[in-house]
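> Here's a structure for you.
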Amino acid sequence: MSPTESTGRGSGPLPPPKKTATPIAAPMAAPIARPGTAYDFMVFIGRFRPFHLGHLAVMRQALALGRHLILLVGSSRQARSHRNPFRFEEVRACILGAVPPEEHGRLTILPLIDRYNDLEWIRDVQAAVHGVVHEVVARHHRPAGGTEPAVGLIGHSRDHGSHSLRMFPQWGAVDCATVGGISATPIRDAYFSDAAAALEAWRDALPANVAAFLADFARSADYRRLAEESAYIARYKAGWAAAPYPPTFLTTDAVVVLSGHVLLVERRALPGRGLLALPGGFVGQHERIRDAMIRELREETRLKVPAGFLEGGIRASRIFDHPHRSSRGRTVTQAFLIQLKATEEGFPKVRGGDDAKSARWMPIAEIDPEHMFEDHFHIIQTLIAQSGS
């Protein structure tokens, strides 16, 4: 996840736009590029879930200012969730379907994975843009006089992602106004509550191809699962609505590694039912965090390793506290990496228990982030790198 809402945080829930006879944004006319454009390349970062006419209006402005537009789709390569229900390939198809085919040659659409570190995210953005610039310049044109290509970053300076426009001082920054107050967040909320009603209410905010995609997706098993999960999360948050302050939850997770494998569980309950996850859970009111980690690990995996050996195998620990890391609300976790020693007996036997449907040892190289719960793939990567395992 980027540190900014350029990868998708909206400016908060807004009511559906009022119905008017005039569309919020007209379809993109082709071609827009003209001689003397301000930039060789424009960069637009977002999650685009769903892609709406506000996004399309920004694209129109970017293509009017630059020769080539690079769209970086944030929160890619992760499991479907209420916040990120559509895969990169689906988002890409929605964007291309909203743009005339003659403009496709001016677009490059790339996935951008979530990062929970500003420097790592900036590095990913820079690398993606540099790769596109190098390829396009080599294939098509080089700025007159041998100067470096001019790059501009486009976005909104008045939303939660405003400081992304200041994270790349080597590029120009183009501030554009929002269109009709459209935000993807209330569209998603309404869609997973009642797809048909949402598509009617937000009809004037969506390109026709995106509305058709959403109508088709609403007939899928993935939609039914996400709608069930969304309802669960709504009930979960409602249970804390009367609290004097928004609650912050404390959890703990265990990254147990042995001979290039990590111990994972399959979640039994919502949210994330059926996804792979680290063994872990909530810290009790009278527990130390490390004690809670050992307890949850043994309850969920039935790992037959004495607590003393588990504590002695701890090689790294880190707090993960990104405000949006969990759909359940503000949830801070402290994760521990435990390095077990290989023995002639092989892998200790494990089986699912408590909140886990099953437990298994999985080769680290075979972990698929699109089947991992919340940020657990990132936690594994971070702690393994920290420990040097």
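My numbering numbers the first residue of the sequence shown as 30 and each following residue consecutively. Ideal placement from N, C-alpha and C gives every residue a C-beta, glycine not left out.
Return the bridge partner residues of residue 283 from the DSSP annotation.
For this step, residue 283 is matched to residue 254 along the sequence shown. Residue 283 pairs with 365.
> Considering only DSSP beta bridges, list what residue 226 is partnered with.
Working through the sequence shown from its first residue, we reach residue 226 at position 197. For residue 226, DSSP assigns no beta-bridge partner whatsoever.
> Please return the same chain residues whose Cβ sits closer than 6 Å to the Cβ of residue 366, not counting the five positions on each side in sequence.
In the sequence shown, residue 366 corresponds to position 337, counting from 1. Correct list, in chain order: 284, 344, 345, 412 and 416.
> Would you kindly work out how many angstroms separate the C-alpha atoms of residue 194 and residue 289, rounded to a whole number?
Working through the sequence shown from its first residue, we reach residue 194 at position 165. Working through the sequence shown from its first residue, we reach residue 289 at position 260. One C-alpha to the other measures close to 40 Å.
> Please report how far the alpha carbon of residue 393 lies from the alpha carbon of residue 233, in whole angstroms.
Walking along the sequence shown from the start, residue 393 turns up at place 364. Walking along the sequence shown from the start, residue 233 turns up at place 204. Roughly 46 Å between the two C-alpha positions.
> Report yes if the CB atom of residue 181 is closer than 8 Å to the CB atom of residue 72, and no otherwise.
Counted from its first residue, the sequence shown places residue 181 at position 152. Counted from its first residue, the sequence shown places residue 72 at position 43. For residue 181 and residue 72, yes; Cβs fall inside 8 Å.
> Is the beta carbon of residue 231 closer than 8 Å to that of residue 219?
Translated into positions along the sequence shown, residue 219 becomes position 190. Translated into positions along the sequence shown, residue 231 becomes position 202. Going by C-beta atoms, residue 219 is nearer than 8 Å to residue 231.
> Suppose you measure from the CA of residue 328 to the CA of residue 385; what does that come to, to the nearest Å?
Numbered from 1 along the sequence shown, position 299 holds the residue referred to as residue 328. Numbered from 1 along the sequence shown, position 356 holds the residue referred to as residue 385. About 9 Å.
> Rounded to a whole number of angstroms, what is the C-alpha to C-alpha distance between residue 221 and residue 203?
The sequence position of residue 221 within the sequence shown is 192, counting from 1. The sequence position of residue 203 within the sequence shown is 174, counting from 1. C-alpha separation (whole angstroms): 33 Å.
> Spatial neighbours of residue 312 within its chain, please: CB distance less than 7 Å, with the 5 preceding and 5 following residues excluded, ordered by chain position.
Along the sequence shown, one-based indexing puts residue 312 at 283. Excluding positions up to five away in sequence, the list reads 279, 280, 281, 318 and 321.
> Should residue 176 go down as buried or exposed, given a rule of 16 or more other Cβ atoms within 10 Å for buried?
The residue given as residue 176 occupies position 147 in the sequence shown. Residue 176 comes out exposed.
> Taking three-plus beta-carbon pairs below 8 Å as touching, is the region 323 to 343 in contact with the region 246 to 255?
no
> In this structure, does DSSP put residue 231 in helix, strand or coil?
Looking up residue 231 in the sequence shown gives position 202. DSSP places residue 231 in coil when its eight states are reduced to three.
> Between the region 149 to 163 and the region 291 to 300, can you find at least three pairs of beta-carbon atoms closer than 8 Å?
no
> Going by other Cβ atoms of all chains shown within 10 Å of its Cβ, with 16 needed for buried, is residue 107 buried or exposed?
On the sequence shown, residue 107 is found 78 positions in, with the first residue counted as 1. Looking at its Cβ environment, which holds 16 or more other Cβ atoms inside 10 Å, residue 107 is buried.
> Less than 8 Å separating the beta-carbons of residue 255 and residue 402?
Looking up residue 255 in the sequence shown gives position 226. Looking up residue 402 in the sequence shown gives position 373. No. Outside cutoff.
> In terms of alpha-carbon separation, which member of 217, 339 and 86 lies closest to residue 109?
For the purposes of this step, residue 109 is identified with residue 80 of the sequence shown, where counting begins at 1. For the residues 217, 339 and 86, the minimum Cα distance to residue 109 belongs to 217.
> In or out: residue 22 buried (at least 16 other Cβ within 10 Å) or exposed?
Because the chain in this structure spans residues 30 to 418, residue 22 falls outside the shown range and cannot be described.
> Thinking C-beta only, is residue 138 closer than 8 Å to residue 124?
Numbered from its first residue, the sequence shown carries residue 124 at position 95. Numbered from its first residue, the sequence shown carries residue 138 at position 109. Yes, these two residues count as a Cβ contact at 8 Å.
> Cβ of residue 325 within 8 Å of Cβ of residue 309?
Position 296 of the sequence shown, counted from the first residue, corresponds to residue 325. Position 280 of the sequence shown, counted from the first residue, corresponds to residue 309. Result yes, Cβ atoms of residue 325 and residue 309 sit closer than 8 Å.
> Rounded to the nearest angstrom, what separates residue 263 and residue 375 at their Cα positions?
Numbered from 1 along the sequence shown, position 234 holds the residue referred to as residue 263. Numbered from 1 along the sequence shown, position 346 holds the residue referred to as residue 375. In a straight line, the C-alpha of residue 263 is about 44 Å away from that of residue 375.
> Beta carbon of residue 338, beta carbon of residue 408: below 8 Å?
Within the sequence shown, residue 338 is the residue found at index 309, counting from 1. Within the sequence shown, residue 408 is the residue found at index 379, counting from 1. Cβ distance not < 8 Å, so residue 338 and residue 408 don't count as in contact.
> Using a Cβ-based criterion (distance less than 7 Å to any ligand heavy atom), does residue 324 qualify as near the ligand ZN?
In the structure shown, the ligand ZN is absent, as is every other ligand, since no ligand is present at all.
> Inspect the beta-carbon positions of residue 115 and residue 140 and report whether they are closer than 8 Å.
One-based indexing of the sequence shown puts residue 115 at position 86. One-based indexing of the sequence shown puts residue 140 at position 111. Contact: no.
> Looking at the unbroken alpha helix (DSSP H) that takes in residue 330, where does it start and where does it end?
Here residue 330 refers to the residue found at position 301 of the sequence shown. Where residue 330 is concerned, the enclosing alpha helix (DSSP H) stretches over 318 to 330.
> To the nearest angstrom, how far is the alpha carbon of residue 92 from that of residue 121?
The residue you call residue 92 lines up with position 63 of the sequence shown. The residue you call residue 121 lines up with position 92 of the sequence shown. So the alpha carbons of these two residues sit roughly 17 Å apart.
> Cα-Cα, which of 94, 357, 136 and 387 is closest to residue 275?
Within the sequence shown, residue 275 is the residue found at index 246, counting from 1. Considering only alpha carbons, the answer is 357.
> If distances are taken between C-alpha atoms only, which option among 372, 148, 377 and 119 comes closest to residue 241?
Working through the sequence shown from its first residue, we reach residue 241 at position 212. For the residues 372, 148, 377 and 119, the minimum Cα distance to residue 241 belongs to 119.
> Starting from residue 88, trace the alpha helix (DSSP H) in both directions and tell me its first and last residue.
Here the question's residue 88 lines up with position 59 in the sequence shown. Where residue 88 is concerned, the enclosing alpha helix (DSSP H) stretches over 82 to 94.
> So what does residue 387 bridge to, in DSSP terms?
One-based indexing of the sequence shown puts residue 387 at position 358. The partner list for residue 387 (beta bridge, DSSP) reads 295.
> Looking only at C-alpha atoms, which of 361, 89, 101 and 86 sits nearest to residue 76?
Residue 76 sits at position 47 when you count from the first residue of the sequence shown. Closest in C-alpha terms to residue 76, from the list 361, 89, 101 and 86, comes 101.
> Give me, in chain order, the residues of the same chain whose beta-carbon lies closer than 6 Å to that of residue 197; leave out the 5 immediate sequence neighbours on both sides.
Position 168 of the sequence shown, counted from the first residue, corresponds to residue 197. Excluding residues within five positions, the ones whose Cβ falls inside 6 Å are 182.
> Rank 132, 105, 79 and 127 by C-alpha distance to the C-alpha of residue 98 and give the top, closest one.
Numbered from 1 along the sequence shown, position 69 holds the residue referred to as residue 98. Here the closest residue by C-alpha is 132.
> Under 6 Å Cβ to Cβ from residue 224, same chain only, skipping five residues before and after it: list those, please.
The residue labelled residue 224 in the question sits at position 195 within the sequence shown. So the list reads 247, once near-sequence residues are dropped.
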